[in-house]
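Sequence lines, in order, name chains W and P.
Take UniProt numbering: the final residue in the first sequence is number 390, and no numbers are missing along the way.
Take UniProt numbering: the final residue in the second sequence is number 390, and no numbers are missing along the way.
2 protein chains.
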Amino acid sequence: MTMFPREEFMTRLDKVKKSMKEKDIDVLLVSDPANMCYLTGHNAWSFYVHQMVLVDVNEEMPYFIGRYMDAFSGVVKTTYLDEAHVRAYSDDHVQSLTKHPMDYVAKVVKELGLDKKNIGVEMDNYYFTAKAYAQLQKGLPDANFKNGDLIVNWVRIVKSPAEIKLMKRAGKIVEKAMQATIDTMAAGVRENDVVAAIYNAQIKGTEEFGGDYTAIVPMLPEGETAGAPHLTWSDKKYPENTVVAVEIAGAHQRYHSPLARTIAIGEPSEEVKRIAEITIEGLNAALEQFKPGNTAEMVEAAWNKVLKKHGFHKESRIGYSMGLNFPPDWGEHTASLRPGDKTVFEPGMTFHCIPGMYLDNFGVSISESVVITEDGYETLANFPRKLFTV
Amino acid sequence: MTMFPREEFMTRLDKVKKSMKEKDIDVLLVSDPANMCYLTGHNAWSFYVHQMVLVDVNEEMPYFIGRYMDAFSGVVKTTYLDEAHVRAYSDDHVQSLTKHPMDYVAKVVKELGLDKKNIGVEMDNYYFTAKAYAQLQKGLPDANFKNGDLIVNWVRIVKSPAEIKLMKRAGKIVEKAMQATIDTMAAGVRENDVVAAIYNAQIKGTEEFGGDYTAIVPMLPEGETAGAPHLTWSDKKYPENTVVAVEIAGAHQRYHSPLARTIAIGEPSEEVKRIAEITIEGLNAALEQFKPGNTAEMVEAAWNKVLKKHGFHKESRIGYSMGLNFPPDWGEHTASLRPGDKTVFEPGMTFHCIPGMYLDNFGVSISESVVITEDGYETLANFPRKLFTV
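This is the structure:
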């Protein structure tokens, strides 16, 4: 996968170590697959078993600790890490009731002489379970554990030019996938047949570069279920008249560019048209706030100001920082576009700005993914910002 | 989604409560999305935020606790749970640095008067983080926490006729997806273009029923990378001569039927043919062990006996129980086909039996998903068990 030169990984590690020092953390145990990939280049569906990247603040290179087939056949062959920086547990640790991979990780920490240090762990990451923490505490009784949540994520929030390049490729892919959605969706067509066309476009990508899997599956809430946007598709046929809010992404080398558009099947009502117009007006106002020096909450405020003008009010999160990721989320869990978030924008930050309006019998959501530039923003994809009718 | 009558959910709950009583657990807090779906019918990509199903051993119905849009717009409208059994936290708990959803869960447990009970939590589930446990312990200082890992999973291991029906549909889908793989794969074709065809077939399903997303993405390790099976596809073109080990699944309503076949691009060498023959001979011998009363380790032993006859030895897990699941794994984390696993087979259990042989420059894996019947087993899909050449 290594799309980045070794120096880029070293720059990332330097920033992480700086943050570790500020938090008085000597050793960071990284469980988040996106953070592991960010620091080492390891890109594999190996996160369904326990694995770790260990960053020692006093050592240049990190260590990968995982299952043998992932560590030696995978990491050593596909990343800049050498065999000396890889440790593997035997396969009888996998989903075993008697041996836990974290007992092995504790052993490695001891061997490296780090077992009396301040050790940061990613407390609220999906892949750092309660049991993983309990076994580490048991195996490392002399360590002083600290919450190392989001240390790497906050470094990831500013993307390098090489990362932006990958995200723009993902933007090209999502344009194709959204067009496939519009081309396929119609009354009488099954939901899953539309989704099949989306996946096909997402993975085919373009002639120059292929598509990767996205960290979230396509979401197409329709009509009354629009208020429950996380229900996934079924094999029901679309009715003659409905509104579908489509949220998908393109992905390239694990980097994402999400995009939402709303599609009316059959001539939309005046109400639907009006809500779509307000959503676009609000989105446009929100986007204008993306420039260095502004804060995340200003984006939401601009959106809400437009809503207020039209007699609506909705205080909510309308977006988040995103980029490199693995399931189950392409969001980075750092800055959110919502009231109270004072994150100051810098060039290279990337956000998915996805305002939506959900009424009783339909919902509209229209979004853009943006990168903050020196004096404003650019969208990652280029797709008409309007209500589509099929 | 509800493909099951309410009585089936009640039967499942009864079995879970029986197991809870044996373990002296009064309240079970379920974080595993597959377990939540199994007990309530809630099927949504909502597990990227914290949510719980609460089972009180003394109450008929479980509770769903989650984000508002998932709880009231989703669960109430799509499952047998009524509003009285649903609790929702406000959106400012989502990926927040100040409010944690588990503080809200603790509050609900208190309101239900269960805060001095023995509370089981799924310690090693992906979606039960170290932080989630810490916040629960803080919010419920009088509770006695117990490890409730895999309680629901061990109930899930035996499938009902209604579940087997869904898994056989998934079997039909994986036949189509594997055929699409063989039809598309060729020298000079990009890996991602083959994967696009796989996704297209997986989601289209058949004319009678549509396909669902699978809990693991297609895996197609090729040539030298066969030993690192979790690396995902790239946009490289297949060379003139190579061997690709394909592992995919069909999914229908979250139920899976995985299948592996190996495809030679160009005429395979005698060595590849021989290894494929041994793998099939070993798989056939392994499959014969699937019958009520036999144990999981007997399957692996039968495989290894064939290997030994041919001068090989490999002690490893060659399969696992599977069925209903969400990313990142379709395995159920209960019985494994490996030495030492004494799980006794019963009718209705379903396994993916996937033996493989990985040599220096190629790997072969050929698998079957099976359901154990009254006197033996049936495969969930029907696909030629051979080395394919394209």
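In this text, a Cβ means the ideal position worked out from N, Cα and C, and glycines have one as well.
### Task
Please say whether Lys309 (chain W) and Leu387 (chain W) have beta carbons closer to each other than 8 Å?
As a working note, residue 387 (chain W) is residue 387 in the first sequence. As a working note, residue 309 (chain W) is residue 309 in the first sequence. Not a contact, by the Cβ cut-off of 8 Å.
### Message
By the three-class DSSP mapping on this structure, what secondary structure does Asp91 (chain W) have?
### Response
As a working note, residue 91 (chain W) is residue 91 in the first sequence. Reduced to three states, the DSSP call for Asp91 (chain W) is helix.
### Query
Under three-state DSSP, which class holds Thr79 (chain W)?
To locate residue 79 (chain W), count along the first sequence from 1; it is residue 79. Reduced to three states, the DSSP call for Thr79 (chain W) is coil.
### Task
Identify the contact partners of Met123 (chain W) in chain P, using a Cβ-Cβ distance below 8 Å as the criterion.
Taking the first residue of the first sequence as position 1, residue 123 (chain W) is located at position 123. Under the 8 Å cutoff, chain P gives Thr129, Ala130, Lys131 and Ala134.
### Query
How would you write the range of the alpha helix (DSSP H) that Glu332 (chain W) sits in, first residue to last?
Start at 1 with the first residue of the first sequence, and residue 332 (chain W) comes out as number 332. Premise fails: Glu332 (chain W) lies in the beta strand (DSSP E), Gly331 to Ser336, not in any alpha helix (DSSP H).
#### Entry: Met3 (chain P) - DSSP class collapsed to helix/strand/coil
Residue mapping note: residue 3 (chain P) aligns to position 3 of the second sequence, counting from 1. Looking at Met3 (chain P) - three-state DSSP - the assignment turns out to be coil, as it is neither helix nor strand.
#### Entry: Residue from W:Gln51, W:Gln202, W:Gly210 and W:Arg6 whose Cα sits closest to the Cα of Glu191 (chain P)
Start at 1 with the first residue of the second sequence, and residue 191 (chain P) comes out as number 191. The option with the nearest alpha carbon to Glu191 (chain P) is W:Gly210.
### Query
Where does the unbroken alpha helix (DSSP H) through Thr129 (chain P) begin, and where does it stop?
The residue given as residue 129 (chain P) occupies position 129 in the second sequence. It is not in any alpha helix (DSSP H) - Thr129 (chain P) carries neither H nor E in the DSSP assignment.
### Message
Just to confirm, is the Cβ distance from Ala177 (chain P) to Ile164 (chain P) under 8 Å?
### Response
Taking the first residue of the second sequence as 1, we reach residue 177 (chain P) at position 177. Taking the first residue of the second sequence as 1, we reach residue 164 (chain P) at position 164. The answer is no: Cβ separation not under 8 Å.
### Message
Does Ala196 (chain P) pass the burial test, meaning 16 or more other C-beta atoms within 10 Å, or should it be called exposed?
### Response
For the purposes of this step, residue 196 (chain P) is identified with residue 196 of the second sequence, where counting begins at 1. Classification of Ala196 (chain P): buried, given that the 10 Å Cβ count is 16 or more.
### Query
Whose Cβ in chain W lies nearer than 9 Å to the Cβ of Gly331 (chain P)?
Position 331 of the second sequence holds residue 331 (chain P). Those are Tyr48 and Gln95, listed as they occur along chain W.
### Task
Select from P:His252, P:Glu240, P:Phe351 and P:Pro328 the residue whose C-alpha is nearest the C-alpha of Arg338 (chain P).
Position 338 of the second sequence, counting from 1, holds the residue named residue 338 (chain P). Checking every option, the nearest Cα to that of Arg338 (chain P) belongs to P:Phe351.
### Message
I need the boundaries of the alpha helix (DSSP H) containing Lys146 (chain W), first residue and last residue.
### Response
By 1-based counting over the first sequence, the position of residue 146 (chain W) is 146. Unbroken run through Lys146 (chain W) is the beta strand (DSSP E), Asn144 to Asn147; no alpha helix (DSSP H).
### Task
Quick one: give me the first and last residue of the beta strand (DSSP E) that Tyr63 (chain W) is part of.
For this step, residue 63 (chain W) is matched to residue 63 along the first sequence. That run of the beta strand (DSSP E) goes Tyr63 to Arg67.
### Query
Closer than 8 Å, CB to CB, is Arg87 (chain P) near chain W or not?
Numbered from 1 along the second sequence, position 87 holds the residue referred to as residue 87 (chain P). No, Arg87 (chain P) does not count as interfacial toward chain W.
### Query
Quick check: the segment 364 to 372 of chain W against the segment 285 to 299 of chain W, are there 3 or more CB pairs under 8 Å?
yes
### Message
Less than 8 Å between the C-beta atoms of Ala276 (chain P) and Val306 (chain P), yes or no?
### Response
Locating residue 276 (chain P) in the second sequence gives position 276, where the first residue counts as 1. Locating residue 306 (chain P) in the second sequence gives position 306, where the first residue counts as 1. Against a cut-off of 8 Å, the Cβ pair of Val306 (chain P) and Ala276 (chain P) comes out as no contact.
### Query
Counting contacts by CB-CB distance shorter than 8 Å, is Lys77 (chain W) in contact with chain P?
Looking up residue 77 (chain W) in the first sequence gives position 77. Taking Cβ atoms only, chain P reaches closer than 8 Å to Lys77 (chain W), which makes this a yes.
### Pairwise C-alpha distance: Gln253 (chain W) and Met1 (chain W)
Here residue 1 (chain W) corresponds to residue number 1 of the first sequence, with the count starting at 1. Here residue 253 (chain W) corresponds to residue number 253 of the first sequence, with the count starting at 1. Note that Met1 (chain W) scores 47 on pLDDT, short of 50, meaning its location in the model is unreliable and no value can be drawn from it.
### Query
Enumerated in chain order, which unbroken segments of the beta strand (DSSP E) with a length of 3 residues or greater are wholly contained in the segment 245 to 292 of chain W?
255 to 265
### Query
At which residues does the beta strand (DSSP E) containing Thr350 (chain W) begin and terminate?
Looking up residue 350 (chain W) in the first sequence gives position 350. First-last of the beta strand (DSSP E) with Thr350 (chain W): Thr350 to Cys353.
### Query
Where Asn118 (chain W) and Ala201 (chain W) are concerned, what is the direct C-alpha to C-alpha distance, given to the nearest angstrom?
If you number the first sequence from 1, residue 118 (chain W) lands on position 118. If you number the first sequence from 1, residue 201 (chain W) lands on position 201. In a straight line, the C-alpha of Asn118 (chain W) is about 47 Å away from that of Ala201 (chain W).
### Query
Does the segment 97 to 105 of chain P come within contact of the segment 11 to 21 of chain P, defined as at least 3 CB pairs closer than 8 Å?
no
### Task
Provide the residue span of the beta strand (DSSP E) that contains Asp375 (chain P), from first to last.
Residue numbering aside, residue 375 (chain P) sits at position 375 when the second sequence is read from its first letter. Counting along the chain, Asp375 (chain P) falls outside any beta strand (DSSP E), and DSSP gives it neither H nor E.
### Task
Using alpha carbons as the reference points, say which of W:Met219, W:Trp154 and W:Asp212 lies closest to Val217 (chain P).
The sequence position of residue 217 (chain P) within the second sequence is 217, counting from 1. It is W:Asp212.
### Task
Please report how far the alpha carbon of Phe47 (chain P) lies from the alpha carbon of Val94 (chain P), in whole angstroms.
What you label residue 47 (chain P) is simply residue 47 of the second sequence in a count that begins at 1. What you label residue 94 (chain P) is simply residue 94 of the second sequence in a count that begins at 1. Their backbone Cα atoms lie some 12 Å apart in a straight line.
### Task
Have a look at Ile65 (chain P) and Ala88 (chain P) and give me their C-alpha separation to the nearest angstrom.
As a first step, residue 65 (chain P) is located in the second sequence; it is residue number 65 there, counting from the start. As a first step, residue 88 (chain P) is located in the second sequence; it is residue number 88 there, counting from the start. Each residue's alpha carbon lies about 6 Å from the other.
### Query
Nearest to residue 396 (chain W) by alpha carbon, out of W:Gly74, W:Val152 and W:Val86?
It is not possible to answer for residue 396 (chain W), since the shown part of chain W is limited to 1 through 390.
### Task
Please say whether Val344 (chain P) and Ile318 (chain P) have beta carbons closer to each other than 8 Å?
Locating residue 318 (chain P) in the second sequence gives position 318, where the first residue counts as 1. Locating residue 344 (chain P) in the second sequence gives position 344, where the first residue counts as 1. Not in contact: Ile318 (chain P) and Val344 (chain P) (Cβ atoms no closer than 8 Å).
### Task
Below 8 Å on the Cβ atoms is my guess for Ala245 (chain P) versus Gly331 (chain P); work out the distance and round it to an integer in Å.
Along the second sequence, read from residue 1 onward, the residue named residue 245 (chain P) stands at position 245. Along the second sequence, read from residue 1 onward, the residue named residue 331 (chain P) stands at position 331. The pair is not a contact, with the Cβ atoms about 18 Å apart (cut-off 8 Å).
### Query
Just to confirm, are Lys17 (chain P) and Val49 (chain P) a CB contact at a threshold of 8 Å?
As a first step, residue 17 (chain P) is located in the second sequence; it is residue number 17 there, counting from the start. As a first step, residue 49 (chain P) is located in the second sequence; it is residue number 49 there, counting from the start. Against a cut-off of 8 Å, the Cβ pair of Val49 (chain P) and Lys17 (chain P) comes out as no contact.
### Task
Find the residues of chain P that neighbour Asp91 (chain W), judging by a C-beta separation of less than 8 Å, and give them in chain order.
Taking the first residue of the first sequence as 1, we reach residue 91 (chain W) at position 91. Ser316 and Arg317, listed in chain order.
### Message
Using DSSP's beta-bridge definition, name the partner residues of Ala226 (chain W).
### Response
Working through the first sequence from its first residue, we reach residue 226 (chain W) at position 226. Answer by DSSP bridge pairing: none, since Ala226 (chain W) is not bridged.
### Query
At least one CB of chain W closer than 8 Å to the CB of Leu81 (chain P): is that the case?
Sequence index remark: in the second sequence, residue 81 (chain P) carries index 81 (1-based). No, its Cβ sits nowhere closer than 8 Å to a Cβ of chain W.
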